[in-house]
Ligand code: PRP
Ligand code: MG
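Here it is in C-alpha cells:
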C-alpha cells in the first residue's frame with residue numbers, strides 16, 4: 169500500500185500543534201528534526217516538513233496529498249484548494265492595524281495610503297471588495313515595524329495574542345477574517361490515498377470532539 173504524504177509546517181507556531189494532533193490520533197513519528205521527511209511507524213503516512221508558503225503549490229502539484237495548514241495561508245496562496253476539516257487550533261485573526269494615534273478606524277480610512285503586509289493577495293481581495301485603492305508594500309516578516317519607520321500608514325498581518333501590535337504601538341482597526349488550522353487536500357490525491365486520509369480525518373474528528 170502506498171503512503172499518504174502529509175505536509176506540516178517545518179518550524180513555527182503551527183508545527184507543534186500539528187505534531188500533537190498527529191500524536192493524539194495515534195500516529196507516531198520518529199522526528200529527526202533535520203529530516204525533511206519522516207515515515208510513521210504504525211500508519212501508512214509520511215510527514216513532509218515544509219515552509220508554510222510553499223505548501224499550497226505542493227498540494228496543487230500533487231507532491232503531497234494533504235496538509236495541515238493555516239486557513240490564512242490557503243486564502244493568500246491557495247484559494248483554488250479545498251480543505252476537508254477545520255482543526256480548531258492555531259486560531260488567529262488577519263487584521264488591519266495602524267499606529268495608536270492614527271485617526272483611521274477601518275480599512276476604508278486607508279484609501280490612498282500605504283499598507284505593509286506579508287499577505288498581498290488577501291489585502292488586494294478585501295480592497296477590491298470594498299472598492300478602495302491603497303498602495304501595498306510586501307514585507308516577509310516583522311511587518312509591524314513598518315509604520316514606525318515611516319514605510320507605511322497601516323499594516324495587515326496575523327494577530328494572535330495581540331502582543332506584537334501592542335509592542336509596536338499599533339491598534340487593530342479591522343478584522344478581515346478569523347483563521348485556524350485546516351486539513352487541506354490535494355486535487356490530485358489518488359483513491360487509495362484518499363481512503364487513508366478519510367481514516368485520519370475520522371480519527372481527528374474523534375479527538376476534536378474529546379477536546380471540546
Ligand atoms: C507572527 C505574525 C505577527 C505575530 C502575531 O509573527 O506575523 O507578527 O506573529 O502574534 P501575536 O499577536 O501573538 O504577537 P512571527 O513572530 O511569527 O514573526 P515574523 O512576522 O517575522 O514571521
Ligand atoms: Mg510577525
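In my numbering, the protein residues as written are 169 to 380. Don't be surprised by glycine CBs; every beta carbon is placed ideally from N, CA and C.
- Using a 10 angstroms sphere on the CB of residue 173, the tally of other CB atoms reaches 16 or more, which defines it as buried.
- Annotation for residue 180: no alpha helix (DSSP H) segment contains it, and DSSP assigns it neither H nor E.
- The Cβ-Cβ distance between residue 322 and residue 315 falls below 8 Å.
- In this structure, the straight-line span from the alpha carbon of residue 363 to that of residue 300 is close to 45 Å.
- Between residue 290 and residue 325 the beta-carbon gap is near 10 Å, outside 8 Å, which marks them as no contact.
- With the rule of 3 Cβ pairs closer than 8 Å, the stretch 229 to 241 counts as touching the stretch 334 to 352.
- Per the DSSP secondary-structure output, residue 174 pairs in a beta bridge with 215, 234.
- Per the DSSP secondary-structure output, residue 318 pairs with nothing in a beta bridge.
- Residue side-chain check: residue 333 places its Cβ nearer than 7 Å to a non-hydrogen atom of ligand 1.
- Per the coordinates, the alpha-carbon of residue 194 lies some 15 Å from the alpha-carbon of residue 379.
- Beta-bridge partners assigned by DSSP to residue 281: none are found.
- Comparing alpha carbon positions, the residue from 226, 250, 191, 335 closest to residue 210 is 191.
- Scanning 266, 206, 245, 169 for the CA closest to the CA of residue 178 turns up 206.
- Inclusion of residue 326 in the 7 Å shell around ligand 1 follows from its C-beta lying nearer than that to a non-hydrogen atom of the ligand.
- Taking non-hydrogen atoms of ligand 2 into account, the C-beta of residue 215 is found less than 7 Å away from none of them.
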